[in-house]
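Asks:
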Amino acid sequence: DAGITQSPRHKVTETGTPVTLRCHQTENHRYMYWYRQDPGHGLRLIHYSYGVKDTDKGEVSDGYSVSRSKTEDFLLTLESATSSQTSVYFCATGLAGGNEQFFGPGTRLTVL
Amino acid sequence: AQSVAQPEDQVNVAEGNPLTVKCTYSVSGNPYLFWYVQYPNRGLQFLLKYITGDNLVKGSYGFEAEFNKSQTSFHLKKPSALVSDSALYFCAVRDARQGDYKLSFGAGTTVTVRA
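In the order they appear, the protein sequences are chains A and B. Using my numbering, read the first sequence as starting at 173 and increasing by one per residue. Using my numbering, read the second sequence as starting at -14 and increasing by one per residue.
Now the structure itself:
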């Protein structure tokens, strides 16, 4: 998985609570991405980063925020979790000038 | 705008038979195309990509894909499927003009290879 780890790997939380997911990479890749995977939708981009402290929204960013204070870490925060955010979340990285993305193992989040 | 369609939710084949997973795309500029595979409870693994050049691209595990610009397609193929090829397959595209390297993924096709 190209030196990408995600934590936690599984989490169950309650509606209204804040949740932070962490992505850590050891590849020194410039680009990092957060996706959610839901049946029938494939992967949808939530937020991405093109450098330290440089982030932008993806197609399903409502209810999510991100931060990237170091090259190796990209955090995804659900400010107030809702049941519609129950999903599997994947982090990915990519090289500047590269093309394919490299994926982490995923985090399964359940919001009750 | 860019998008991908995978018209088949499921593909079922017998082991040893040819396997084809279909993908069509839409981009404003030139396409960069990718195939990924996902095994249960795992992340996505990169299989192959088309950037430029030969329309037939060879990738990992004996897979290949053919880029067809006139039909805006990038179908994944394997001449002889194995039971171990059973997995979820995703096609992805990005516009070559983009500087943010964002990919758009299809909904995925579940491949089942029966012994």
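Cβ coordinates follow ideal geometry from the N, Cα and C atoms, glycine included.
If you count every other CB in all the chains shown that lies within 10 Å of the CB of R82/B, and 16 or more means buried, which is it?
Replies: Burial call: exposed.
Asks: Can you name the residues that DSSP bridges to D210/A?
Replies: Note: D210/A sits in a beta bridge opposite G214/A.
Asks: Please state whether the Cβ-Cβ distance between V184/A and A253/A is less than 8 Å.
Replies: Cβ atoms of V184/A and A253/A: not closer than 8 Å.
Asks: Among L73/B, A100/B and D85/B, which residue has its Cα nearest to the Cα of Y220/A?
Replies: Of L73/B, A100/B and D85/B, the residue nearest in Cα terms is D85/B.
Asks: Should T94/B and E(-7)/B be called a contact, given that it needs their Cβ atoms to be closer than 8 Å?
Replies: The answer is yes: Cβ separation under 8 Å.
Asks: Rank Q257/A, R280/A and T243/A by C-alpha distance to the C-alpha of S237/A and give the top, closest one.
Replies: With distances taken between Cα atoms, S237/A lies closest to Q257/A.
Asks: Identify whether V68/B lies in helix, strand or coil by the three-state DSSP scheme.
Replies: Three-state result, V68/B: helix.
Asks: Compare the C-beta of A92/B with all C-beta atoms of chain A and state if any pair is closer than 8 Å.
Replies: Answer yes: the Cβ-Cβ gap between A92/B and chain A drops below 8 Å somewhere.
Asks: Report yes if the C-beta distance between F52/B and L33/B is below 8 Å; otherwise report no.
Replies: No, Cβ-Cβ distance for F52/B and L33/B is not below 8 Å.
Asks: What's the C-alpha gap between R202/A and S239/A?
Replies: Taking the straight line joining both Cα atoms gives about 14 Å.
Asks: Residues in the same chain with beta-carbon distance under 6 Å from I36/B, minus the five sequence neighbours each way, listed in chain order, please.
Replies: Around I36/B: Y17.
Asks: Alpha carbon to alpha carbon, how far is G91/B from S241/A? Give it in angstroms, no decimals.
Replies: Going by the C-alpha atoms only, they are around 31 Å apart.
Asks: Does L61/B get closer than 8 Å to chain A when you measure Cβ to Cβ?
Replies: No, its Cβ sits nowhere closer than 8 Å to a Cβ of chain A.
Asks: Taking CB distances under 8 Å as the criterion, tell me whether D197/A reaches chain B.
Replies: Position check: residue 197/A holds Gln in this sequence, whereas Asp was assumed. Q197/A does not count as touching chain B.
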